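Trainee:
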Amino acid sequence: MFKGFFSGGMSTNLAALLNEWLRRSVVSTFRVPVSKTMDWSDPAQRLELLEAVGPEEYGRRLVNHERASVIEIVNGYPIRLAKTRFGMLFALGGTEVAYSSLAQAREQARKLGPRVA
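Residue numbers (our numbering): 1442 to 1558.
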């Protein structure tokens, strides 16, 4: 399904590692109290988790999920894969914008200048 998603301009080993990581990580998962796998891109499951654990624990888990999803940091901006209705995109942290390629996300992070926390 994702064979060859990363290619061109990368070393063969790096591309192979990223492709394997993407294949295994399309949907970030963790175990919820009801022994069910969590799909963070499913609004119904997110609501169910919120109701099950409360807003503070939900927020903590969401932050942990987002941190674990970061594949690269450019200029202080975390870039992570996000499953959207448009497919998998590269979300640029702190901007509410996502790009279809990692190169586009990197370029925008460089244009924005260093991120101030």
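C-beta atoms are modelled at their ideal positions from N, C-alpha and C, and glycine is treated no differently.
Remember, predicted model here, so these are calculated numbers, not experimental data.
For E1507, which of A1544, A1550, L1533 and A1485 has the nearest alpha-carbon?
Mentor: Against the sequence shown, residue 1507 aligns to sequence position 66. The shortest Cα separation from E1507 among A1544, A1550, L1533 and A1485 belongs to L1533.
Trainee: Please check the pair R1556 and G1535, which I expect to be a contact at CB under 8 Å, by giving their CB distance rounded to whole angstroms.
Mentor: As a working note, residue 1556 is residue 115 in the sequence shown. As a working note, residue 1535 is residue 94 in the sequence shown. Correct: roughly 6 Å between the Cβ atoms.
Trainee: Please report the straight-line C-alpha distance between T1470 and L1553, rounded to a whole angstrom.
Mentor: In the sequence shown, residue 1470 corresponds to position 29, counting from 1. In the sequence shown, residue 1553 corresponds to position 112, counting from 1. Unreliable positioning characterises T1470 in this predicted model, as indicated by a pLDDT of 48, which lies under 50. A coordinate reading is not provided.
Trainee: Quick check: the segment 1520–1528 against the segment 1539–1553, are there 3 or more CB pairs under 8 Å?
Mentor: yes
Trainee: My output table needs one value for E1537: the three-state DSSP class, helix, strand or coil.
Mentor: Along the sequence shown, one-based indexing puts residue 1537 at 96. Looking at E1537 - three-state DSSP - the assignment turns out to be coil, as it is neither helix nor strand.
Trainee: Identify, in the order they occur along the chain, each residue of the same chain with its Cβ nearer than 6 Å to the Cβ of M1529, setting aside the five sequence neighbours on each side.
Mentor: Position 88 of the sequence shown, counting from 1, holds the residue named residue 1529. Result list for M1529: L1522, in chain order.
Trainee: Just the C-alpha distance for Y1540 and L1488, rounded to the nearest angstrom, thanks.
Mentor: Taking the first residue of the sequence shown as 1, we reach residue 1540 at position 99. Taking the first residue of the sequence shown as 1, we reach residue 1488 at position 47. Looking at the two C-alpha atoms, the distance is approximately 26 Å.
Trainee: If we require 3 or more residues per run, which beta strand (DSSP E) segments fall completely within the segment 1489–1547?
Mentor: 1511–1515, 1518–1525, 1528–1533 and 1538–1540
Trainee: Cα separation between P1496 and S1542?
Mentor: As a working mapping, residue 1496 is identified with position 55 in the sequence shown. As a working mapping, residue 1542 is identified with position 101 in the sequence shown. When rounded, the distance between both Cα atoms is 33 Å.
Trainee: With distances taken Cα to Cα, identify the nearest neighbour of A1546 among T1525, R1526 and N1516.
Mentor: In the sequence shown, the residue the question calls residue 1546 occupies position 105. Cα-wise, what sits closest to A1546 is N1516.
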